[in-house]
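Under the working numbering, the residue at position 157 of the sequence shown is numbered 1222, and the numbers go up by one with no gaps. Below is one structure; the comments refer to it alone.
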Amino acid sequence: MTIEPELLRALGALCEPPDPAHRVVAAALDLPSLPDVAEHTDLFGMQLVPYAAVYLGPEGMLGGEAASRIAGFWRAVGMTPPAEPDHLAALLGLYAMLVEAEQGEPEPARRALRREARRALLWEHMLTWLPAYTTAVSGSDSVFYGDWAALLGQVLAGEVAELDPPATPAQHLRAVPELPGPDAETKDLVRATLTPVRSGLVLSRRDLLRGAHTGGLGLRVGERAFMLRAMLDQDAVVTFGWLATEADRWAARHQDDVDLLGAVAIHWRDRAIAMAADCRTRRDSLREVLADTSAG
């Protein structure tokens, strides 16, 4: 059954800064009380930013190749890209428009073309990152946004049931750089770890604080790269061990999506498995070096 476009727009609106009008939207979706601006800012501004490029780009940052590719899709369907073409609210709004265009097209051949555009947006620019993203948000401290993410995940699963994947693999997941080699500089390893499409992990500042606490490390909140470097500088053995455990958790999460998402979930799962193995290798190598140093 085709989704209602207004549901997509409602879900998109709720990841924008809270507005009094959103209370009606949240109530209609049977979500908890609307959070305040501070909670929204912490989650979407500090912890898990809702931009596809951060999760799909080989840079793991705003803008870049992934954002440009998504802007190109807007143009391909005859739309002028907005200032933030890869923002989740923009993508959900675009998807709603494509659903409406398909529903309103009386001519069968053109209707089929509308459907193919919808399929491409779903499988290329949404399902390639949103399952991991909604999983991360569902695990946050926010009750409201956790429920919102769960609902969004259900909506996406419904679309998967209606639209099979395209014949060609998602371009975002082709030729993604591997993890750095054993002789890589710390900054390169940190960047790869914090680039989800490369590592298979989605790590927020709160996750890093939790990891530091678990390992008995001191840590101040800052940019994620700064925080992870500080953890490695304090105790690389402990930090690599924690990262390996996190990668195991993410690999299991991605495995849960394989039946639904196929090759997309397999990409994420295999990256997380590789990350876990890499971190354990680095941890064990450091242990050997430290043991030899102590023996000497």
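From the three backbone atoms N, C-alpha and C, an ideal C-beta is built for every residue, glycine too. All of these numbers come straight from a predicted model, not from anything done at the bench.
A distance below 7 Å between beta-carbons, with the five flanking residues on each side excluded, links residue 1150 to the following residues of its chain, in chain order: 1132, 1135, 1136 and 1139. By the C-beta criterion, the region 1160 to 1169 is judged not to be in contact with the region 1195 to 1212, since fewer than 3 inter-stretch pairs fall below 8 Å. By the C-beta criterion, the region 1268 to 1288 is judged not to be in contact with the region 1230 to 1245, since fewer than 3 inter-stretch pairs fall below 8 Å. Under a 10 Å Cβ-count criterion, residue 1084 is classified as exposed, with fewer than 16 other Cβ atoms of the shown protein chains found around its own Cβ. From the listed residues 1077, 1144 and 1312, the smallest Cα separation to residue 1166 is found for 1144. One Cα belongs to residue 1180, the other to residue 1286, and the distance between them is close to 45 Å. By a beta-carbon distance limit of 8 Å, residue 1147 does not contact residue 1184. Their separation comes to about 22 Å. Here the alpha carbon of residue 1172 sits roughly 52 Å from the alpha carbon of residue 1255. Nearest to residue 1270 by alpha-carbon distance, out of 1225, 1202, 1077 and 1350, is 1202. In the DSSP secondary-structure assignment, residue 1116 is bridged to 1152. When secondary structure is reduced to three states using DSSP, residue 1240 falls in the coil class, being assigned neither helix nor strand.
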